[in-house]
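Let me begin by presenting the structure, written as structure tokens, before commenting on it.
Number of protein chains: 2
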Amino acid sequence: MSSKSKGLNAERDLVHKFWSKGWAGVRIAGSGSMRYPSADILATNKLRKLAIECKTTKKVGKYIEKEDIQQLREFAEMFNAEPYLAVKFNRKEWLFLTIEDLEETDKNFMINTEKAEIKGILFEELIK
Amino acid sequence: MSSKSKGLNAERDLVHKFWSKGWAGVRIAGSGSMRYPSADILATNKLRKLAIECKTTKKVGKYIEKEDIQQLREFAEMFNAEPYLAVKFNRKEWLFLTIEDLEETDKNFMINTEKAEIKGILFEELIK
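Quick note, the sequences are listed as chains F and S, same order.
Residue 202 is where the first sequence ends in our numbering, and the numbering goes up by one at each step.
Residue 202 is where the second sequence ends in our numbering, and the numbering goes up by one at each step.
See the structure below:
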């Protein structure tokens, strides 16, 4: 399976998880290709809304373009949602991080497994 | 161009229109294939949120499955959005209808060009 379809399947799994817990979740189409602020997933339990940018990787660290984070921030603001980055390292669970949890470099934001495990929260913590 | 890609292009045009007017709009992925409540487009200007199911047709009337309308209703409720049906007849502008504007038959909801033009509102009226 390509890493792209693996990422897509992981996003769909996450959407299913939201519904299984009484939340509504949708994947946003073409979030990577449109030039507008966007996120990969928007979810709500009526009280809270979450805008989530998803990243999967086989490596121990993941760089995220500043543009992606800026789009997430703007999208979340428009929809009055909490912005989160969801990162899934190989064979691990999704970990959810706030933008503040990410390390900002000159050109990118960065997260590695170690920091993700310290700062990130699991799905069950995210929705409680 | 297939009617499917024509419909998709028309939806993308609608998303562009929202952004051009200071609204945020996104297309929802796989809204027809997931078994959860959904809509085709979600848009907001921060004050209002709209959940829109889009239908394009070359015919003078369009049947909409009750399931589609039920999904739209539930989705809109979860996201605290106003549910709308957007219908685009051949070479016409999008017209926006509330669920109450539709004619309910035994098996479906139905809208024809005549009723859509009487009851529907144009994009500019929708967002004002």
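Here a beta-carbon is modelled for each residue, glycine too, at the ideal position from N, C-alpha and C.
Is there a Cβ of chain F sitting closer than 9 Å to that of residue i, yes or no?
| i | result |
| --- | --- |
| G81 of chain S | no |
| I143 of chain S | no |
| R147 of chain S | no |
| F153 of chain S | yes |
Helix, strand or coil: which one does DSSP assign to residue i?
| i | result |
| --- | --- |
| K91 of chain S | helix |
| I102 of chain F | strand |
| F153 of chain S | coil |
| K140 of chain F | helix |
| G96 of chain F | coil |
| G81 of chain F | helix |
For residue i versus residue j, is the C-beta spacing smaller than 9 Å?
| i | j | result |
| --- | --- | --- |
| I206 of chain F | A125 of chain F | As shown, chain F starts at 75 and ends at 202. That puts residue 206 of chain F outside it, with no answer to give. |
| C128 of chain F | V100 of chain F | no |
| K166 of chain S | T187 of chain S | yes |
| F183 of chain S | K132 of chain S | no |
| I102 of chain F | A84 of chain S | no |
| F197 of chain F | K91 of chain F | yes |
| K21 of chain S | K140 of chain S | Examination of residue 21 of chain S is not possible in this model, given that chain S is present from 75 through 202 alone. |
Could you tell me how far apart the beta carbons of residue i and residue j are, in whole angstroms, since I believe they sit closer than 8 Å?
| i | j | result |
| --- | --- | --- |
| K123 of chain S | E156 of chain S | 7 Å |
| A113 of chain S | F149 of chain S | 5 Å |
| L171 of chain S | K193 of chain S | 6 Å |
| W93 of chain F | Y110 of chain S | 5 Å |
| T118 of chain F | F153 of chain S | 6 Å |
| R147 of chain S | I173 of chain S | 7 Å |
| L200 of chain S | L176 of chain S | Between L176 of chain S and L200 of chain S the Cβ distance is about 16 Å, and since that is not below 8 Å, they are no contact. |
If we define contact as Cβ-Cβ less than 9 Å, is residue i a contact residue for chain S?
| i | result |
| --- | --- |
| L159 of chain F | no |
| V100 of chain F | yes |
| A103 of chain F | yes |
| L200 of chain F | no |
| K123 of chain F | yes |
| V89 of chain F | yes |
| F110 of chain F | For the record, residue 110 of chain F in the displayed sequence is Tyr; it is not Phe. Output row for Y110 of chain F: interface = yes. |
| W93 of chain F | yes |
| T118 of chain F | yes |
Can you pull the chain A neighbours of residue i, defined as C-beta to C-beta under 7 Å?
| i | result |
| --- | --- |
| T130 of chain S | No chain A appears in the structure shown, which is made up of the protein chains F and S. |
Along the chain, where does the beta strand (DSSP E) containing residue i start, and where does it finish?
| i | result |
| --- | --- |
| A113 of chain F | Run containing A113 of chain F: none; DSSP gives neither H nor E here. |
| F197 of chain F | Run containing F197 of chain F: none in the beta strand (DSSP E); it sits in the alpha helix (DSSP H), F197 to L200. |
| E127 of chain S | K123 to T131 |
| I173 of chain F | Taken as a continuous stretch (DSSP letters only), I173 of chain F belongs to no beta strand (DSSP E), as it is neither H nor E. |
| N182 of chain F | N182 to N186 |
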